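Peer 1: Under our numbering, the letters of the sequence shown match residues 39 to 193, in that order. All residues carry an ideal CB built from backbone N, CA and C; glycine is no exception. A quick note: this is a predicted structure, and the numbers were derived from the prediction, not measured. Following this message is one structure expressed as structure tokens.
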Amino acid sequence: MNNHDVKIIYIAGYGRSGSTLIDRFISSNISATGCGELARLFFHADQESVLGLCSCKSPYVKCPLWGPLLERIRRHPLGGSFEELDRLTRKIETTHPKKLDVSSSFEFYKYKWLWQTVFGYIQKETGNKVVLDSSKTTPRGGGFRPFYLSKILDS
């Protein structure tokens, strides 16, 4: 799959600002897959509480959409525990770009592989070339060209 086949729309907003509602509204009105806050996918996959439930009410690891992807990633040589992948995602996304040596960093290579795998899987499984991510954090995906949808709130 060519990275540019997938179009990613990041929905920016503060917590409890309605970004998830916008995600669901857009995905119900165009051929797009609303994924919620993808940045926390591996955190939620590692939970056995209500935090670990997909919107289909299944644990992420047993969800018909996310389960096969999570198993594939966990078994891949670049994969690892969900806790480790969540930590990697947060580390890369919170490191200032000037301090991140992407040319020689194995962590960045792994991060790029991880998110290309996630977005490619979503596109392949759903048939939609547009993916919505309402994570409210730095774009992920390594090689994908994001489109930003910023939510402007009246004070």
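Which partner residues of Y98 appear in the DSSP bridge assignment?
Peer 2: Here residue 98 refers to the residue found at position 60 of the sequence shown. Answer is none; Y98 lacks a bridge partner.
Peer 1: What's the C-alpha gap between S55 and S66?
Peer 2: Taking the first residue of the sequence shown as position 1, residue 55 is located at position 17. Taking the first residue of the sequence shown as position 1, residue 66 is located at position 28. Cα-Cα distance, rounded: 19 Å.
Peer 1: Can you tell me which residues form a DSSP beta bridge with T133?
Peer 2: Residue 133 sits at position 95 when you count from the first residue of the sequence shown. Paired residue(s): none; T133 is not in a bridge.
Peer 1: Helix, strand or coil: which one does DSSP assign to G72?
Peer 2: Within the sequence shown, residue 72 is the residue found at index 34, counting from 1. The answer is strand: DSSP assigns G72 an E or B state.
Peer 1: Is K137 buried or exposed, if buried means 16 or more other CB atoms sit within 10 Å of its CB?
Peer 2: Translated into positions along the sequence shown, residue 137 becomes position 99. The residue is exposed, with fewer than 16 neighbouring Cβ atoms inside 10 Å.
Peer 1: Let me know the secondary structure DSSP gives G51 once reduced to three states.
Peer 2: Start at 1 with the first residue of the sequence shown, and residue 51 comes out as number 13. Coil.
Peer 1: Go ahead and pull the three-state DSSP assignment for D124.
Peer 2: Working through the sequence shown from its first residue, we reach residue 124 at position 86. Helix, per DSSP.
Peer 1: Taking S143 as the reference, give the member of Y159, G158 and L126 with the closest Cα.
Peer 2: Within the sequence shown, residue 143 is the residue found at index 105, counting from 1. Considering only alpha carbons, the answer is L126.
Peer 1: Does the Cβ of S69 have 16 or more other Cβ atoms within 10 Å, making it buried, or fewer, making it exposed?
Peer 2: On the sequence shown, position 31 is the one that residue 69 refers to. So S69 counts as exposed.
Peer 1: Go to V168, then tell me how far its beta strand (DSSP E) extends in each direction, as first and last residue.
Peer 2: Residue numbering aside, residue 168 sits at position 130 when the sequence shown is read from its first letter. Note, V168: beta strand (DSSP E), V168 to D171.
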